[in-house]
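Working notes for the structure below.
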Amino acid sequence: MNCERVAREELLEGYLLGRLSDEDRDSFEQHFFECERCLKDLQMLQTIQRELPRVDADPALAKASSSLRWLSFAGLAATIVLMVGSAVWMRSPTPPGLSGTAETRPASQAERPEASQSPTPPPPLTAGPSLEQLALVEAPPYQPLTLRGAPDEATSRFQAGMARYQQADYPAAVAELRGAAALAPDATHIRFFLGIAHLMAGQDIAAIAELRATTALGDSPYLEEAHWYLAKALLRQKRPAAAEAELRTLIQLQGTGTSEARTLLAAIKRLDER
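Numbering (full-length UniProt numbering), first residue to last: 1 to 274.
Following this line, the structure appears as structure tokens:
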């Protein structure tokens, strides 16, 4: 496996969409573990994959993006980057002093004293993301459920906690969700969001405990995400080996989070090598 084959056979696209054979998938994973270029390309495409729904929802971009669906995923990703950048540029207010023709006249070579100076050297290339950067995390969204009938006390506490959660008031969310968990300790949704609220409040140890409790409850709609955020919490605690173990467990589940887990695992391995 090499970069030329990755480009020729569109293996990045096939990997993200789950279209590769087991042999090609394993070969490609071994390649991007060792190839910083392909790893960065994969991370970029995963970011674009998450952003595409937002692009479609933006009236300024939806019309243009709908006419580009025939492009390959990689080509579409590059196009979307340009489209988003152009849209941001066009929406930016014109800086003062650039509205008149006289003010926008470019300076001649003689008028620019800096022209004779040596050009500013480009910033040095970084070796890759740091452990702190790999540990960055965003709170998962929550959609309130419509319940029939009066909720029990645990559900009422959960709903109150999640109202605080949606307001990004994570300490207050912790207080309510902790009360809900005491009433229903085997409710995976309560334990999961309690762990996330702890994590977003900067309470990493408590977050790890609650997310481990979520995974210990076995198969649930929150199992994959619990392993993912547990890995992030362990990275924040500077425990990359433990985070790798959680990511491997997540990969073994073969769910929707497999691709991102493999990418993060590869980035941790590269950090270990440095």
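C-beta atoms are modelled at their ideal positions from N, C-alpha and C, and glycine is treated no differently.
Between the alpha carbons of Leu217 and Glu210 lies a gap of roughly 11 Å. In this structure, DSSP gives Leu217 a state outside helix and strand, which the three-state scheme calls coil.
Selection Lys238, Pro129, His189, Lys40 evaluated against Pro144 yields His189 as nearest (Cα-Cα). The segment 249-262 makes no contact with the segment 170-177; the number of CB pairs closer than 8 Å stays below 3.
Per DSSP, Val137 is not a residue of any alpha helix (DSSP H), being assigned neither H nor E. The Cβ neighbour count for Ala266, taken over all protein chains shown within 10 Å, is at least 16; the residue is labelled buried. The Cβ atoms of Ala180 and Ala150 do not sit closer than 8 Å to each other.
Taking the Cα of Ile268 as reference, the smallest distance to any Cα among Glu244, Tyr15, Arg212, Gln252 is reached at Glu244.
The beta carbon of Asp204 is closer than 7 Å to those of Ala233, Arg236, Gln237 in its chain, skipping five residues each way along the sequence. When only Cα atoms are considered, Phe158 and Leu177 end up about 5 Å apart. Per DSSP, the unbroken alpha helix (DSSP H) holding Lys232 starts and ends at 223-236. Contact between Leu194 and Ile208 is ruled out by a C-beta separation of about 12 Å, above the 8 Å threshold.
In the three-state scheme derived from DSSP, where H, G and I count as helix and E and B as strand, Leu199 is classed as helix. Pairing Arg262 with Tyr165, the inter-Cα distance amounts to about 29 Å.
For Thr155, the three-state secondary structure derived from DSSP is helix.
If you draw a 10 Å sphere on the C-beta of Tyr142, you find fewer than 16 other C-beta atoms in it, and that means exposed. In terms of Cβ geometry, Ala213 and Arg191 form a close pair [threshold 8 Å]. C-alpha of Ser130 to C-alpha of Ala201: approximately 22 Å in a straight line.
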